[in-house]
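> Handing you a structure now.
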Amino acid sequence: MENTKKQNWMRICFGLIVVLAGIITTITGYQQNKDGEITSEDKILFAGYFLVIIGILFLTNALIRCFAKKKVQNYSASDRAKRLAYAALFAALAYIGFQYFRFDLTIGSEKTAFHLGNTFVVLAALFLGGTWGGVAGAIGLTLADFTSGYVTSAPKTFFLKLCIGLIVGLVAHTICHISRAQSAKKILRTAIISSICGLTFNIIADPLVGYFYKKYLFGLPQDIAKTLAKLSSLTTAVNAVLSMIAAVVLYHALRPALEKSGLFFRLEVAQEDAAQTAELKKLREIAK
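Okay, so the sequence shown: first residue is 1061 according to my numbering, each after it adds one.
Here's what the structure looks like:
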């Protein structure tokens, strides 16, 4: 047990170190790059952003391990099939949210869009957890990119949407245990906070990753890349607000109906079950 705690704290420290190194590298790149031209200093900025994102992923994984003190249920085959079916459903909804609820903004040969696809990434993470929800949303929106003229953005989309799901799942399930919450106020508050955390990451990361992604991998001129990044900041922020509101409203409306019908997928062991297990252990120790 002690070794596990030490390993978790080592992972957290490693994640923090990588994030700090990324921030320092980014600041250094900004200070050195004064002429705004494409130079080696831009590579320093890119390295800084990359380190920050990698550090956040390591930190998220470490926090999940650190805060997951409750035992997770051993799901039956039917529960696993249900979870897979839900994941496929949310992937399809994410695809529809982007493909059919989208307004494109075009600059030259490149474009960005207002859409509702992120709504179902957040909703999937709230219902299924960060990993399943993030993968479901990432697959749905990546397929949407391949079929709607955004093919070049597909790898970036998969990575960023997966991160949204992981962050929402970390806050909602690992830290706040939304699945076993009974109070409507707590459920609503947790859904709002976790949605804000995941989508705030996307507001920051999407334009930054997109800027260097377009400039270095596809060789776009710096002016166009900057314009696209600014436009992406606007569309991503609007998408985040709309997606947060829609996801919270849908979760708050759908959860009671799913609970009544027995279709709600509960991720964590209920508190009373954990208490009963602890009580049984004490009784066994006394009996011995």
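C-beta atoms are modelled at their ideal positions from N, C-alpha and C, and glycine is treated no differently.
This structure is a prediction, so every number in the text was calculated from the model and none was measured.
Under 8 Å between the Cβ atoms of A1251 and Y1271?
No. Outside cutoff.
> N1262: which of T1234, F1219, V1079 sits nearest, CA to CA?
Ranking T1234, F1219, V1079 by Cα distance to N1262 puts F1219 first.
> For D1205, is the classification buried or exposed, using 16 other Cβ atoms within 10 angstroms of its Cβ as the cut-off for buried?
buried
> Measure the Cβ-Cβ separation of G1189 and I1224 and say whether it is below 8 Å.
no
> Does the segment 1170 to 1184 come into contact with the segment 1137 to 1157, if we say contact requires no fewer than three beta-carbon pairs (one atom in each stretch) closer than 8 Å?
yes
> Just reading off the alpha helix (DSSP H) that A1173 is part of, what are its end residues?
Note, A1173: premise wrong, no alpha helix (DSSP H); beta strand (DSSP E) at 1170 to 1175.
> Have a look at V1301 and V1079 and give me their C-alpha separation to the nearest angstrom.
Distance between the alpha carbons of V1301 and V1079: 26 Å.
> Leaving out five residues on either side along the sequence, give the residues of the same chain with a beta carbon under 7 Å from the beta carbon of T1088.
I1104
> Thinking C-alpha only, which one of V1308, G1279, V1195 is nearest C1257?
V1308
> Count the CB pairs spanning the segment 1289 to 1296 and the segment 1222 to 1240 that are closer than 8 Å, and state whether there are at least three.
Using a C-beta cut-off of 8 Å, the segment 1289 to 1296 makes no contact with the segment 1222 to 1240, since fewer than three inter-stretch Cβ pairs fall below that distance.
> Compute the Euclidean distance between the alpha carbons of R1240 and R1315, then round it to the nearest angstrom.
Between the C-alpha atoms of R1240 and R1315 there is a straight-line separation of about 12 Å.
> What residues are listed by DSSP as bridge partners for D1164?
D1164 is bridged to A1173.
> Between T1287 and the rest of its own chain, which residues show a CB-CB distance below 7 Å, the 5 nearest in sequence each way excluded?
Annotation for T1287: I1167 place their beta carbon closer than 7 Å to its own, counting only its chain and skipping 5 residues before and after.
> So what does DSSP say about S1239, is it helix, strand or coil?
helix
> Report the rounded CA-to-CA distance for L1176 versus F1118, giving the unit in angstroms.
28 Å
> Note the first and the last residue of the continuous alpha helix (DSSP H) segment covering G1270.
1244 to 1272
> Can you name the start and end residues of the alpha helix (DSSP H) that S1208 belongs to?
First-last for S1208: undefined, no H or E at that position.
> Taking L1222 and G1194 to be in contact with their CB atoms under 8 Å, please state how far apart those CB atoms are, rounded to whole angstroms.
4 Å
> What separation, rounded to the nearest whole angstrom, lies between the Cα atoms of A1010 and S1136?
Nothing can be reported for residue 1010, as the shown portion of the chain is limited to 1061 through 1348.
> Consider the C-beta atom of Y1160 and the heavy atoms of the ligand COA; say whether any pair is separated by less than 7 Å.
By its list of ligands, the structure shown contains no ligand whatsoever, and the ligand COA lies outside what it can speak to.
> Output needed for F1110: all residues of its chain with C-beta closer than 8 Å, excluding positions within five of it in sequence on either side, in chain order.
Answer for F1110: G1082, listed in chain order.
> Taking C-beta to C-beta, are F1163 and F1174 nearer than 8 Å?
yes
> Identify, in the order they occur along the chain, each residue of the same chain with its Cβ nearer than 7 Å to the Cβ of G1075, setting aside the five sequence neighbours on each side.
G1115, F1118, L1119, A1122
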